[in-house]
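Have a look at the structure below before the remarks.
Residue numbers (my numbering): 20 to 260.
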């Protein structure tokens, strides 16, 4: 029987069995701590400007997802596209670990819980629209993380992995593999299109138009893959990574 909207939004009972306290702490606090340590080392060994650039790119993934890798091809960028690709992979891994380590608690938080409700609703819509996802579980989840559409990424990947019955570690491996593939493809594209990217960077108006076009294509791709949102939860759908 198809789940009702109320059942989809009530996620408190649809989570993995709790981990031990020490493991939950490692999953939830380890990734932010490691990221802070990496920023400190970047500031000391490269430059404070490089650390600031990495922070800005990490924040930009909320709206731009993996496409922030292209910014590394700009000549003035203190960090190159491959370093940004590594950043994206780490963010996806960290998101998956935090989700899988604290998913019980995240469901109960007012704002985050609603976003996860939206992610769950989009997951059901994806499975209804694309039956092949169930047949190619592992590969489909990795591909889902790899594509740079709105609504895809590590957060949705963790929710989808749970819905498909994958274990915690299978979800983590799928997330890393998908992120590696998608990020490496964009880093290679950045190297190949470096001259064009720099030419666009020197023309802010043209760059703005291209950004609008790319964002529009990402939204259209998301609608094609996930379908149009429905209900309160879908309006709070998860951002891309």
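Heads up, the beta-carbon is just placed ideally off N, CA and C, and yes, glycines get one too.
- Pairwise C-alpha distance: residue 172 and residue 164: Going by the C-alpha atoms only, they are around 4 Å apart.
- Item | Cβ distance (whole Å) where residue 85 is taken to contact residue 202 below 8 Å | The Cβ separation is near 6 Å, so the contact holds.
- Message: Our contact map puts residue 175 next to residue 141 with C-beta atoms below 8 Å; I'd like the distance itself, whole angstroms only.
- Response: The beta carbons of residue 175 and residue 141 sit about 7 Å from each other, so the pair counts as a contact at 8 Å.
- Message: Among the candidates 110, 127, 216 and 191, whose CA atom is the shortest distance from the CA of residue 51?
- Response: Ranking 110, 127, 216 and 191 by CA distance to the CA of residue 51 puts 110 first.
- Segments of 3+ residues assigned as beta strand (DSSP E) that fall wholly inside the region 89 to 120: None, since the region 89 to 120 contains no complete beta strand (DSSP E) of that length.
- Other residues of its chain near residue 42: CB distance less than 8 Å, five sequence neighbours each side excluded: Taking residue 42 as the centre and dropping the five residues before and after it, the same chain places the C-beta of 120 closer than 8 Å to its C-beta, in chain order.
- Helix or strand or just coil, what does DSSP make of residue 66? Three-state DSSP puts residue 66 in coil, outside helix and strand.
- Looking at residue 185 and residue 108, is the spacing between their C-beta atoms short of 8 Å? Contact annotation: residue 108 and residue 185 have beta-carbon atoms that are not nearer than 8 Å.
- Within 10 angstroms of its Cβ, does residue 113 collect 16 or more other Cβ (buried), or is it exposed? The C-beta of residue 113 has 16 or more other C-beta atoms within 10 Å across all chains shown, which makes the residue buried.
- Message: If contacts are defined as beta-carbon pairs under 8 Å, then residue 224 and residue 116 qualify, I think. What distance do you get, rounded to the angstrom?
- Response: In this structure residue 224 does not touch residue 116 by the C-beta definition: roughly 41 Å separates them, more than the 8 Å allowed.
- Message: Please classify residue 167 as buried or exposed, where buried requires at least 16 other C-beta atoms within 10 Å of its C-beta.
- Response: With 16 or more other CB atoms across the displayed protein chains lying within 10 angstroms of its CB, residue 167 is buried.
- Task: Could you check the C-alpha separation between residue 195 and residue 218 for me, to the nearest Å?
- Result: Each residue's Cα considered, the two are about 32 Å apart.
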